[in-house]
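Okay, so here's the structure we're looking at.
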Amino acid sequence: MRGTMVECIECGAQIELSEPEQGEIVDCPECGTELEVIQDNPVVLQFAPQEEEDWGE
Ligand SMILES: [Zn+2]
591 MRGTMVECIE CGAQIELSEP EQGEIVDCPE CGTELEVIQD NPVVLQFAPQ EEEDWGE
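Just so we're aligned, residue 591 is where the sequence shown starts under the working numbering, counting upward by one.
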């Protein structure tokens, strides 16, 4: 099975996506940035929206 290599838009690391899907959120293994797949063929990434999680305090 062949994955798709994409480049992290934060640090430039190569990330392999086995089955990229539009709307998928991936974490860069190098810098931990959350990236959203906004287009799947070819794959285009953008920074995932940073939602302030309220951890219930
Ligand atoms: Zn990165």
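We treat Cβ as the ideally placed atom computed from N, Cα and C, and that holds for glycine.
Note that the structure is predicted; figures quoted are calculated from it, not measured.
Residues in the same chain with beta-carbon distance under 6 Å from residue i, minus the five sequence neighbours each way, listed in chain order, please.
i	result
Cys621	Glu600, Cys601
Gln636	Glu626, Ile628
Between the C-alpha atoms of residue i and residue j, what's the straight-line distance to the nearest angstrom?
i	j	result
Asp617	Val634	14 Å
Thr594	Pro639	23 Å
Trp645	Cys598	28 Å
Asp630	Glu643	27 Å
Pro619	Glu641	20 Å
Ile605	Gly613	16 Å
Just to check my reading of the structure: residue i and residue j have Cβ atoms closer than 8 Å, yes? What is that Cβ distance to the nearest angstrom?
i	j	result
Glu611	Val596	With a Cβ gap of about 13 Å, Glu611 and Val596 do not count as contacting.
Any idea if residue i is buried or exposed, counting beta-carbon neighbours within 10 angstroms, 16 or more meaning buried?
i	result
Ile615	exposed
With a CB to CB cut of under 7 Å and the five nearest residues on each side skipped, what residues in its chain are close to residue i?
i	result
Leu607	Gly593, Thr594, Val596, Val616, Val633
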